Amino acid sequence: MVDMLLAHPYIKAVAVMDHNTVRGYFKVRELASAYPDILVIPGVEVSTTRGDILLLGIAEVPPQPWTVDNVIDFAHSMGGLVVAAHPYRAYGLGDAARNYSIDAVEILNGGCPRHLNSMAEELAREMRLPGVAGSDAHRVDELLTAYTEIQASTDLDEVLRAIKRGLVRVFHAGKSIHF
167 MVDMLLAHPY IKAVAVMDHN TVRGYFKVRE LASAYPDILV IPGVEVSTTR
217 GDILLLGIAE VPPQPWTVDN VIDFAHSMGG LVVAAHPYRA YGLGDAARNY
267 SIDAVEILNG GCPRHLNSMA EELAREMRLP GVAGSDAHRV DELLTAYTEI
317 QASTDLDEVL RAIKRGLVRV FHAGKSIHF
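Below is the structure:
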């Protein structure tokens with residue numbers, strides 16, 4: 167993964183979002199430590215009682231029970247961002263995302279069919295929230311199928327602020343999708 171980042175002319179950050187663990191984040195951070203130009207964004211994908219949510223800027227797993235409200239409160243108390251992951255795919259929050267204090271919506275998921283991503287994009291518009299993208303890679307060959315361009319330096323706090331302010335564009339396999 168680090169080699170792919172080094173070879174890419176523009177991508178200088180990666181968020182490792184494993185389910186219910188931050189071990190992958192720490193492993194990638196260690197591998198990338200020799201390359202100061204690469205930011206490894208801490209995060210975790212939490213399987214809550216209602217669906218998956220992404221926590222950005224958080225380097226620990228929230229305490230249980232993993233209700234949506236508990237996980238969101240934990241993330242916000244730690245200065246992190248909450249993203250509704252693949253809201254209309256299996257294990258997404260779906261329309262229930264409207265009932266929670268989320269910061270962004272994953273509008274482009276590399277593992278979702280187009281119609282589900284379109285529904286997520288509409289959800290973000292209705293909620294007036296930024297839309298982000300993620301490859302949802304489970305194998306190396308799935309990396310960079312979808313990604314978010316963030317108008318920020320590689321400073322973590324600046325990246326999180328830029329996402330929250332909507333200073334982002336999403337890309338699918340290198341093609342910009344206007345949001």
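Here this note's numbering runs 166 ahead of the position in the sequence shown, where the first position is 1.
Note that CB positions come from ideal geometry on N, CA and C, so glycine has one too.
Owing to the predicted nature of the structure, the values given are computational and were not obtained by experimental measurement.
Residue 185 is bridged by DSSP to 211. The alpha carbon of residue 265 has as its nearest neighbour, out of 290, 212 and 187, the alpha carbon of 290. Below 8 Å, too few C-beta pairs join the stretch 236 to 246 and the stretch 275 to 287 to call them touching: fewer than three. Under a 10 Å Cβ-count criterion, residue 185 is classified as exposed, with fewer than 16 other Cβ atoms of the shown protein chains found around its own Cβ. Minimum Cα-Cα distance from residue 254 among the listed residues 293, 322, 287 and 319 corresponds to 287.
Less than 8 Å divides the Cβ of residue 188 from the Cβ of residue 208. Of all C-beta pairs linking the stretch 318 to 338 to the stretch 257 to 264, fewer than three are shorter than 8 Å, placing the two stretches out of contact. Going by DSSP, residue 281 is part of no beta strand (DSSP E) but of the alpha helix (DSSP H) stretching over 280 to 293. Residue pairing for residue 297: DSSP places it in a beta bridge opposite 271.
Within a 10 Å sphere around the beta-carbon of residue 169 sit fewer than 16 other beta-carbons, which makes this residue exposed.
For residue 235, same chain residues with a beta-carbon under 8 Å away, outside a window of 5 residues either side, are 266 in chain order.
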